[in-house]
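The block underneath contains the structure these notes are about, expressed in structure tokens.
Chains as they are written, first to last, in my numbering: chain A, 1024 to 1140; chain B, 66 to 178.
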């Protein structure tokens, strides 16, 4: 199994409070991703990172920010949580294998269940 | 982006083979076909991928049609642990850098004891 951990694994918070989710990898992979999974929508990309301090938006980035100050850590922050951000959040990593782009696989963490009341 | 179509659900019996179909009629020549699965309460995990030729690994086999417009994931001898949602995803070999995975609804596979 790829060395990916997510913390916390479960969180309950109130509307309007800030929340930070952490993804930690031990694989030294270049790319890291945050997805959310909701019933009826499958997994959707929130943000991703292609190196330390290098990040970009995915398809559902509104209301979220990210930071990556070290290769191994990718943080997802909900500045002011809303009930619509209740979801399961998955972090993923990939190596970025140059000429083998189409063959690159992503490895996923165990997920964080977030409930915003 | 090329899209994939999969049945919403399938059911099989333990220790029998399972064939999970995926249609991708608009696939381009540079698209690799990837399969991931998601076990209950877990993150997705990679299963197998291929371009043109059939592929085998310890988890499954991937059969790709000659025109590449469809593929089939084959679990040779299903176990209860194979009950999961299976996703067929196309990955473009031309795109550099980070590639988001576009997950559809997948096929929910139920295995009966």
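Quick reminder that beta carbons are idealized off the backbone N, C-alpha and C, glycines included. Keep in mind that this is a model prediction, so the values were computed, not measured.
Residue i in three-state terms, based on DSSP
{"i": "residue 174/B", "result": "strand"}
{"i": "residue 1101/A", "result": "strand"}
{"i": "residue 147/B", "result": "helix"}
{"i": "residue 1119/A", "result": "coil"}
{"i": "residue 1124/A", "result": "helix"}
{"i": "residue 126/B", "result": "strand"}
{"i": "residue 1048/A", "result": "strand"}
{"i": "residue 1072/A", "result": "strand"}
{"i": "residue 1084/A", "result": "coil"}
{"i": "residue 1110/A", "result": "strand"}
{"i": "residue 1137/A", "result": "strand"}
{"i": "residue 165/B", "result": "coil"}
{"i": "residue 96/B", "result": "strand"}
{"i": "residue 74/B", "result": "strand"}
{"i": "residue 134/B", "result": "coil"}
{"i": "residue 1093/A", "result": "strand"}
{"i": "residue 1033/A", "result": "strand"}
Proximal chain E residues relative to residue i, where beta-carbon distance stays under 7 Å
{"i": "residue 108/B", "result": "Among the chains of the structure shown, chain E does not appear; the protein chains present are A and B."}
Proximity winner among the options, relative to residue i (alpha-carbon distances)
{"i": "residue 82/B", "options": "153/B, 99/B, 143/B, 94/B", "result": "143/B"}
{"i": "residue 150/B", "options": "90/B, 68/B, 136/B, 74/B", "result": "74/B"}
{"i": "residue 1037/A", "options": "1128/A, 1109/A, 1135/A, 1079/A", "result": "1109/A"}
{"i": "residue 1075/A", "options": "1059/A, 1069/A, 1097/A, 1067/A", "result": "1097/A"}
{"i": "residue 164/B", "options": "1079/A, 1092/A, 1099/A", "result": "1079/A"}
{"i": "residue 86/B", "options": "154/B, 166/B, 158/B", "result": "154/B"}
{"i": "residue 88/B", "options": "146/B, 106/B, 147/B, 130/B", "result": "130/B"}
{"i": "residue 121/B", "options": "95/B, 99/B, 157/B", "result": "99/B"}
{"i": "residue 1095/A", "options": "1050/A, 1032/A, 1031/A", "result": "1050/A"}
{"i": "residue 158/B", "options": "71/B, 95/B, 105/B", "result": "95/B"}
{"i": "residue 145/B", "options": "97/B, 92/B, 72/B, 104/B", "result": "104/B"}
{"i": "residue 101/B", "options": "147/B, 117/B, 90/B, 76/B", "result": "147/B"}
{"i": "residue 1129/A", "options": "1048/A, 1033/A, 1030/A, 1032/A", "result": "1048/A"}
Proximal chain A residues relative to residue i, where beta-carbon distance stays under 8 Å
{"i": "residue 123/B", "result": "Within chain A, no residue comes near residue 123/B; the closest Cβ sits about 15 Å away, beyond 8 Å."}
{"i": "residue 165/B", "result": "1056, 1068, 1071, 1081, 1082"}
{"i": "residue 147/B", "result": "Within 8 Å Cβ-Cβ: nothing; residue 147/B doesn't reach chain A, min ~18 Å."}
{"i": "residue 156/B", "result": "1124, 1125, 1126, 1127"}
Local Cβ density within 10 Å of residue i, reported as buried at 16 or more and exposed below that
{"i": "residue 135/B", "result": "buried"}
{"i": "residue 1125/A", "result": "buried"}
{"i": "residue 1028/A", "result": "exposed"}
{"i": "residue 162/B", "result": "exposed"}
{"i": "residue 1035/A", "result": "exposed"}
{"i": "residue 1072/A", "result": "buried"}
{"i": "residue 69/B", "result": "buried"}
{"i": "residue 114/B", "result": "buried"}
{"i": "residue 1135/A", "result": "buried"}
{"i": "residue 109/B", "result": "buried"}
Chain-ordered neighbours of residue i on chain A, where CB pairs are closer than 9 Å
{"i": "residue 151/B", "result": "Near residue 151/B there are no residues of chain A at all, since even the closest Cβ is about 12 Å away, more than 9 Å."}
{"i": "residue 71/B", "result": "Near residue 71/B there are no residues of chain A at all, since even the closest Cβ is about 11 Å away, more than 9 Å."}
Chain A contact residues for residue i, given Cβ-Cβ distances below 7 Å
{"i": "residue 95/B", "result": "1125"}
{"i": "residue 89/B", "result": "Ordered by position in chain A, no residue passes the 7 Å Cβ test against residue 89/B, which lies about 14 Å from the chain."}
Interface residues of chain B facing residue i [CB-CB closer than 7 Å]
{"i": "residue 1040/A", "result": "In chain order: nothing, as chain B lies at least about 25 Å away."}
{"i": "residue 1026/A", "result": "The premise fails here: residue 1026/A is roughly 13 Å from chain B at the closest Cβ pair, so nothing lies under 7 Å."}
Listed by chain order, chain B residues near residue i by CB distance under 8 Å
{"i": "residue 1119/A", "result": "162, 163"}
Any non-hydrogen atom of the ligand MG closer than 7 Å to residue i Cβ
{"i": "residue 120/B", "result": "Ligands in the displayed structure: none, and consequently the ligand MG is not present."}
Taking 8 Å as the threshold, find out whether the segment 1113 to 1120 of chain A comes into contact with the segment 1044 to 1054 of chain A through three or more Cβ pairs.
yes
Touch check for the segment 1037 to 1045 of chain A and the segment 1093 to 1107 of chain A: three-plus C-beta pairs under 8 Å?
yes
Per the contact definition of three or more C-beta pairs closer than 8 Å, is the segment 1075 to 1084 of chain A in contact with the segment 1126 to 1139 of chain A?
No, because fewer than three Cβ pairs between the segment 1126 to 1139 of chain A and the segment 1075 to 1084 of chain A fall closer than 8 Å, the two stretches do not touch.
For the 8 Å Cβ check, are there 3 or more pairs between the segment 162 to 177 of chain B and the segment 1060 to 1070 of chain A?
yes
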